[in-house]
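*Asks:*
2 protein chains.
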Amino acid sequence: MKDKKSLIVDMDGVLADIYKQLIKLEFEESGTRITVEETMGKTENDAFPNCQKLVKERGFFRNAPVMPGAIEVLKKLNEHYQLFVVSSAMEYPNSLEEKYYWMQEYFPFISWKQLVLCGTKTCVKGDIMIDDHFKNLDYFEGKTILFTQPHNSAKDENSHQRVHGWNDILKLLGEV
Amino acid sequence: MKDKKSLIVDMDGVLADIYKQLIKLEFEESGTRITVEETMGKTENDAFPNCQKLVKERGFFRNAPVMPGAIEVLKKLNEHYQLFVVSSAMEYPNSLEEKYYWMQEYFPFISWKQLVLCGTKTCVKGDIMIDDHFKNLDYFEGKTILFTQPHNSAKDENSHQRVHGWNDILKLLGEV
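Dropping the structure here:
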């Protein structure tokens with residue numbers, strides 16, 4: 047039997063819709079209603095005045111909404127790939143347990159054995175990586191897939207294959 | 047400038063003295079005083095009747111004693127290697143924050159960017175790995191160093207270089 051290819055999937059901005067969560071919480075915090083269009087080309091920090099305060103609060107990651115299509119597509123990919131969900135979580139120690147239970151709630155078919163919470167991803171290996179940050183993809187040795195998010199939407203970069211959502215990923219990786 | 051070699055260091059049974067912690071807590075729990083000699087060749091589960099209960103309790107990892115010599119040697123190695131502390135923590139979600147703060151207390155010179163908490167270590171890459179478990183070393187592509195612990199002491203295995211403590215590691219890796 048041929049070994050399954052290993053697939054490294056990011057959490058924030060790929061499985062979890064962080065901009066949607068920030069739009070909701072920024073409005074609750076300051077009354078400022080920010081649209082997705084206004085965040086285009088901006089980092090979360092630049093787009094949301096209270097970003098640093100909000101991401102440090104208990105519940106920020108635990109209550110983040112799931113990216114549309116992520117559950118269905120990941121469930122399918124999990125059957126065909128040796129899948130790992132790898133998240134840069136260490137900057138916010140609050141988030142560690144929250145991310146564990148968030149995965150359990152929405153992706154119960156992903157075992158704890160497939161979870162990695164880290165500071166940087168430079169010591170992670172695999173055949174394919176899906177991520178929304180160049181800082182992670184640029185160091186990866188395998189095939190790299192850039193998941194479009196507002197902060198990376200303006201960058202015209204050809205070194206990674208760009209996808210615009212989980213349906214794109216299904217088309218790209220679903221036929222194993 | 048030559049790139050630094052990357053060094054992957056395990057936490058439980060390498061930086062943290064888990065058997066010492068279990069001996070103390072097993073005595074407090076059941077009144078049974080177990081000696082290190084009695085644990086030789088046995089897994090933690092076989093050596094300590096209340097092991098599974100104890101490791102799940104809050105504080106088990108946060109209050110674990112540091113392995114002798116670990117702080118001094120890791121501080122030195124951290125200057126010469128691209129060092130990552132990689133711990134299989136995901137089986138016990140309680141342990142995630144505890145391990146983060148334990149590292150901060152005893153190894154403040156290790157940044158959060160160098161920490162990885164995972165389920166399995168098969169997606170971790172590096173030049174050198176120090177670990178007390180064959181299940182981690184056997185999958186690693188670089189140089190492997192087996193840290194002697196009671197559970198692996200009886201195994202006569204030549205595929206990994208065995209060390210008997212942090213002084214051995216300093217001798218082996220200190221001359222960079």
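In order, the protein sequence lines correspond to chains Z and Y.
Residue numbering for the first sequence follows our numbering, starting at 47 and increasing by one per position.
Residue numbering for the second sequence follows our numbering, starting at 47 and increasing by one per position.
C-beta atoms are modelled at their ideal positions from N, C-alpha and C, and glycine is treated no differently.
Since the model is a prediction, treat every value here as computed from it, not as a measurement.
(1) Taking only runs of the alpha helix (DSSP H) that begin and end inside the segment 66–150 of chain Y, which ones reach a length of at least 4 residues, in chain order?
(2) Where do the N-terminal and C-terminal ends of the beta strand (DSSP E) with Lys217 (chain Z) fall, by residue?
(3) Could you tell me if Ser134 (chain Z) is buried or exposed, where buried requires 16 or more neighbouring beta carbons within 10 angstroms of its beta carbon?
(4) Residues of chain Z with CB closer than 9 Å to the CB of Leu103 (chain Y), please, in chain order.
(5) Taking DSSP as the reference, what is the three-state secondary structure of Gln223 (chain Z)?
(6) Would you mind stating whether Trp212 (chain Z) and Gly115 (chain Z) have Cβ atoms separated by less than 8 Å?
(7) If I follow the unbroken alpha helix (DSSP H) through Lys181 (chain Y), where does it start and stop?
(8) Looking at C-alpha atoms only, which residue of Z:Ile69, Z:Glu118, Z:Gln207 is the closest neighbour of Asp177 (chain Z)?
(9) Gly188 (chain Z) and Gly172 (chain Z) look like a contact to me (Cβ under 8 Å); what is the Cβ gap, rounded to whole Å?
(10) Our contact map puts Glu83 (chain Y) next to Ile64 (chain Y) with C-beta atoms below 8 Å; I'd like the distance itself, whole angstroms only.
(11) Touch check for the segment 70–86 of chain Y and the segment 192–207 of chain Z: three-plus C-beta pairs under 8 Å?
(12) For a contact defined as C-beta to C-beta under 7 Å, what are the partners of Ser52 (chain Z) on chain Y?
(13) For Val132 (chain Y), which option in Y:Lys159, Y:Phe155, Y:His210, Y:Gln67 has the closest C-alpha, if you only look at C-alpha atoms?
(14) Using the rule of at least 16 other Cβ atoms within 10 Å of the residue's Cβ for burial, across every protein chain shown, is Pro111 (chain Y) buried or exposed?
(15) Considering only C-alpha positions, which residue in the set Y:Ile69, Y:Lys88, Y:Met86 is nearest to Ile80 (chain Y)?
(16) Using CA atoms only, rank isn't needed, just tell me which of Z:His126, Z:Asp56, Z:Val119 is closest to Asp49 (chain Z).
(17) For a contact meaning CB atoms closer than 8 Å, what does Gly172 (chain Z) contact in chain Y?
(18) Quick one: measure Cβ to Cβ for Thr194 (chain Z) and Met175 (chain Z), integer angstroms, because I've assumed they're closer than 8 Å.
(19) Against Met175 (chain Z), what residues of chain Y qualify as contacts under a CB-to-CB distance less than 9 Å, listed in chain order?
(20) Report the rounded CA-to-CA distance for Gly87 (chain Y) versus Phe94 (chain Y), giving the unit in angstroms.
(21) Grab the span of the beta strand (DSSP E) containing Met27 (chain Y) for me, first residue to last.
(22) Since I believe Tyr146 (chain Z) is in contact with Met57 (chain Y) (beta carbons under 8 Å), could you give me their beta-carbon distance rounded to a whole number of angstroms?
(23) Whole angstroms are fine: how far does the CA of Thr85 (chain Y) sit from the CA of Pro196 (chain Y)?
(24) Under 8 Å, Cβ to Cβ, is there at least one residue of chain Y near Lys121 (chain Z)?
(25) Let's see if you can read the secondary structure: which residues bound the beta strand (DSSP E) around Thr190 (chain Y)?
(26) Taking Glu137 (chain Y) as the query, report the chain Z residues whose CB atoms sit under 7 Å from its CB, ordered along the chain.
(27) Short check: CB of Leu163 (chain Z) to CB of Leu192 (chain Z), under 8 Å?
(28) Are the C-beta atoms of Tyr146 (chain Y) and some chain Z residue less than 8 Å apart?
(29) In chain Z, which residues lie less than 8 Å from Cys164 (chain Y) when you measure between Cβ atoms?
(30) Any Cβ of chain Y within less than 8 Å of the Cβ of Phe186 (chain Z)?
(31) Use the C-beta contact count for Thr221 (chain Y): other C-beta atoms within 10 angstroms, 16 or more gives buried, fewer gives exposed.
*Replies:* Once the coordinates are examined:
(1) 82–85, 90–93, 97–102, 116–126
(2) Here residue 217 (chain Z) is taken as the residue at index 171 of the first sequence, counted from 1. Looking at the DSSP string, Lys217 (chain Z) is not in any beta strand (DSSP E); the run it does join, the alpha helix (DSSP H), is 212–219.
(3) The count along the first sequence starts at 1 and reaches residue 134 (chain Z) at position 88. Buried: at least 16 other Cβ atoms inside 10 Å.
(4) The residue given as residue 103 (chain Y) occupies position 57 in the second sequence. Here residue 103 (chain Y) turns out to be Glu, not Leu, going by the sequence shown. Residues of chain Z passing the Cβ test: none, with the nearest at roughly 15 Å.
(5) Here chain Z has residues from 47 to 222 only, and residue 223 (chain Z) is not among them.
(6) Counting from one through the first sequence, the residue named residue 212 (chain Z) turns up at place 166. Counting from one through the first sequence, the residue named residue 115 (chain Z) turns up at place 69. Going by C-beta atoms, Trp212 (chain Z) is nearer than 8 Å to Gly115 (chain Z).
(7) If you number the second sequence from 1, residue 181 (chain Y) lands on position 135. Counting along the chain, the alpha helix (DSSP H) containing Lys181 (chain Y) begins and ends at 180–183.
(8) By one-based count along the first sequence, residue 177 (chain Z) stands at place 131. Of the listed residues, the one whose Cα sits closest to Asp177 (chain Z) is Z:Gln207.
(9) As a first step, residue 188 (chain Z) is located in the first sequence; it is residue number 142 there, counting from the start. As a first step, residue 172 (chain Z) is located in the first sequence; it is residue number 126 there, counting from the start. That pair is a contact at about 6 Å.
(10) As a first step, residue 83 (chain Y) is located in the second sequence; it is residue number 37 there, counting from the start. As a first step, residue 64 (chain Y) is located in the second sequence; it is residue number 18 there, counting from the start. About 17 Å; that fails the 8 Å criterion.
(11) no
(12) As a working mapping, residue 52 (chain Z) is identified with position 6 in the first sequence. Ordered by position in chain Y, the residues that pass the 7 Å Cβ test against Ser52 (chain Z) are Cys169.
(13) Within the second sequence, numbered from 1, the residue matching residue 132 (chain Y) stands at position 86. Ranking the options by Cα distance to Val132 (chain Y), first place goes to Y:Lys159.
(14) For the purposes of this step, residue 111 (chain Y) is taken as the residue at position 65 of the second sequence. Burial call: exposed.
(15) By one-based count along the second sequence, residue 80 (chain Y) stands at place 34. Closest option to Ile80 (chain Y), Cα to Cα, is Y:Ile69.
(16) What you label residue 49 (chain Z) is simply residue 3 of the first sequence in a count that begins at 1. When only C-alpha atoms are compared, the closest one is Z:His126.
(17) Counted from its first residue, the first sequence places residue 172 (chain Z) at position 126. Near Gly172 (chain Z) (Cβ distances below 8 Å), the residues of chain Y are Cys169.
(18) Position 148 of the first sequence, counted from the first residue, corresponds to residue 194 (chain Z). Position 129 of the first sequence, counted from the first residue, corresponds to residue 175 (chain Z). Not a contact, Cβ separation roughly 15 Å.
(19) As a working note, residue 175 (chain Z) is residue 129 in the first sequence. What Met175 (chain Z) touches in chain Y: nothing, since even the nearest Cβ is about 10 Å away.
(20) Residue mapping note: residue 87 (chain Y) aligns to position 41 of the second sequence, counting from 1. Residue mapping note: residue 94 (chain Y) aligns to position 48 of the second sequence, counting from 1. In a straight line, the C-alpha of Gly87 (chain Y) is about 13 Å away from that of Phe94 (chain Y).
(21) Coverage of chain Y is limited to positions 47 through 222, which leaves residue 27 (chain Y) absent and any answer about it impossible.
(22) As a working mapping, residue 57 (chain Y) is identified with position 11 in the second sequence. As a working mapping, residue 146 (chain Z) is identified with position 100 in the first sequence. Incorrect: roughly 17 Å between the Cβ atoms, too far for contact.
(23) Residue 196 (chain Y) sits at position 150 when you count from the first residue of the second sequence. Residue 85 (chain Y) sits at position 39 when you count from the first residue of the second sequence. Rounded to whole angstroms, Pro196 (chain Y) to Thr85 (chain Y) spans 6 Å at the Cα level.
(24) Along the first sequence, read from residue 1 onward, the residue named residue 121 (chain Z) stands at position 75. Chain Y contact via Cβ: absent.
(25) Position 144 of the second sequence, counted from the start, is the residue given in the question as residue 190 (chain Y). Unbroken beta strand (DSSP E) run through Thr190 (chain Y): 189–193.
(26) Taking the second sequence and counting its residues from 1, one reaches residue 137 (chain Y) at position 91. In chain order: Trp158.
(27) Counting from 1 along the first sequence, the entry for residue 163 (chain Z) is found at position 117. Counting from 1 along the first sequence, the entry for residue 192 (chain Z) is found at position 146. Cβ atoms of Leu163 (chain Z) and Leu192 (chain Z): not closer than 8 Å.
(28) Residue 146 (chain Y) sits at position 100 when you count from the first residue of the second sequence. True, the Cβ-Cβ gap to chain Z drops below 8 Å.
(29) Taking the first residue of the second sequence as 1, we reach residue 164 (chain Y) at position 118. Chain Z residues near Cys164 (chain Y): Leu161, Val162, Leu163, Cys164.
(30) The residue you call residue 186 (chain Z) lines up with position 140 of the first sequence. Taking Cβ atoms only, chain Y never reaches closer than 8 Å to Phe186 (chain Z), which makes this a no.
(31) Sequence index remark: in the second sequence, residue 221 (chain Y) carries index 175 (1-based). Position check: residue 221 (chain Y) holds Glu in this sequence, whereas Thr was assumed. Result: exposed.
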